[in-house]
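Have a look at the structure below, then the notes.
Numbering (the working numbering), first residue to last: -14 to 299.
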């Protein structure tokens, strides 16, 4: 284990794997050592089950553990979620599709399922988390060392996702006559049972902002999409073929991971959000062109959520 870690150049991946627990005698929340099971059980505490950014970060963490600590992607690996999150049909299906095993909530384990011999507790810290940004020198106000922004595991994860879903990335360059631009428009929806149904940072005047973006990129074919309406497969199909990706800051921007290498990401920030650097960092690591712009707050609601516009004041 130590010899293997010594061969990993990336400092945060080494730190992440060191802090994941590898054990053969394990007891937590009703799980106990007992009858020996074949393969390895991955014990995962997800940061969120409804937020696509946090969900994909958890999937990335599991991918890294399987890549370096488990015998590749052995078919008898189990995933147990150590959290009390509710069911989310769309994102739960992504877990099963990627890792080819149906994760089990710890509270739903049967007596026979709760007895394990080999387990890895997957850490919640990763290269895509806030702690990771700090370790790479991307913390707010910190220095940014380009040499530390070469995380190959991000590319490994992207390629792994594409292979599982049968995706081939677009190869055209920005500026080609066939340029494809995607606007991600956040939409009001019930993200989870406790949700009010109001989504933060929706576009107050979608039609006007579409016209504005078209005027900024007159040579691009513009498509407007709301991820709330489509499956993860369909999201990948759209993003992987996009030359320019335009969105207000939000969880859906984790799809920067799946943009083509030549693509450009334009991220709009309302006041109070400009220091959130996660997607800028990921874009730079993956060689994606990145541009940050300001969005104007149009209305502020009683629940502190806002609506915004992209077009600068005329």
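Idealized CB from N, CA, C, for every residue including glycine.
Given residue i, which residues of its chain have a CB within under 8 Å of its CB, disregarding the five upstream and five downstream residues?
| i | result |
| --- | --- |
| residue 183 | 173, 286, 288 and 290 |
| residue 206 | 163, 164, 165 and 166 |
Can you tell me which residues form a DSSP beta bridge with residue i?
| i | result |
| --- | --- |
| residue 380 | Summary: the structure shown does not reach residue 380, with the chain confined to residues -14 through 299, and so no result is reported for it. |
| residue 170 | Bridge partners of residue 170: none, in fact. |
| residue 89 | 65 |
| residue 292 | 187 and 284 |
| residue 165 | 206 |
| residue 27 | 64 and 105 |
Near residue i, what residues of its chain come up, given a Cβ to Cβ distance below 6 Å and the 5 sequence neighbours on each side ignored?
| i | result |
| --- | --- |
| residue 150 | 218 and 221 |
| residue 245 | 154 and 155 |
| residue 125 | Bear in mind that a pLDDT of 48 at residue 125, under 50, signals an unreliable position, so the model cannot answer this. |
| residue 187 | 171 and 292 |
| residue -9 | Note that residue -9 scores a pLDDT of 45, beneath 50, so its modelled location is shaky; the value from the coordinates is reported in the next line. If we look at residue -9 and ignore the five residues flanking it on each side, it has no Cβ neighbours. |
| residue 152 | 221 and 225 |
| residue 80 | 88 |
| residue 77 | none |
Could you give the distance in angstroms between the alpha-carbon of residue i and the alpha-carbon of residue j?
| i | j | result |
| --- | --- | --- |
| residue 298 | residue 251 | 18 Å |
| residue 104 | residue 26 | 5 Å |
| residue 230 | residue 284 | 25 Å |
| residue 233 | residue 253 | 4 Å |
| residue 212 | residue 141 | 24 Å |
| residue 294 | residue 100 | 53 Å |
| residue 282 | residue 208 | 24 Å |
| residue 106 | residue 204 | 49 Å |
| residue 147 | residue 96 | 36 Å |
| residue 228 | residue 32 | 30 Å |
| residue 202 | residue 144 | 29 Å |
| residue 47 | residue 38 | 14 Å |
| residue 248 | residue 29 | 33 Å |
| residue 264 | residue 235 | 9 Å |
| residue -6 | residue 189 | Its pLDDT being 45, under 50, residue -6 is placed unreliably in this model, and the coordinates cannot settle the point. |
| residue 68 | residue 40 | 13 Å |
| residue 278 | residue 255 | 9 Å |
| residue 301 | residue 139 | In the structure displayed, the chain extends from -14 to 299; residue 301 sits before or after that span and is not available. |
| residue 214 | residue 169 | 11 Å |
| residue 200 | residue 210 | 18 Å |
| residue 163 | residue 257 | 36 Å |
| residue 137 | residue 267 | 11 Å |
| residue 216 | residue 167 | 16 Å |
| residue 223 | residue 280 | 24 Å |
| residue 191 | residue 237 | 17 Å |
Which residues in the same chain as residue i place their Cβ atom closer than 7 Å to its Cβ, once the five residues preceding and following it in sequence are excluded?
| i | result |
| --- | --- |
| residue 226 | 155 and 165 |
| residue 86 | 62, 63 and 64 |
| residue 43 | 29, 31 and 32 |
| residue 296 | 193, 194 and 197 |
| residue 185 | 290 and 291 |
| residue 84 | 47 and 64 |
So, does the stretch 43 to 55 touch the stretch 89 to 97, judging by three or more C-beta pairs under 8 Å? The stretch 43 to 55 makes no contact with the stretch 89 to 97, as fewer than three CB pairs between them are under 8 Å.
Would you check if the stretch 185 to 201 and the stretch 236 to 244 touch, i.e. whether three or more CB-CB distances between them fall below 8 Å? The stretch 236 to 244 is not in contact with the stretch 185 to 201.
Within 8 Å, do at least three Cβ pairs link the stretch 261 to 278 to the stretch 65 to 72? The stretch 65 to 72 is not in contact with the stretch 261 to 278.
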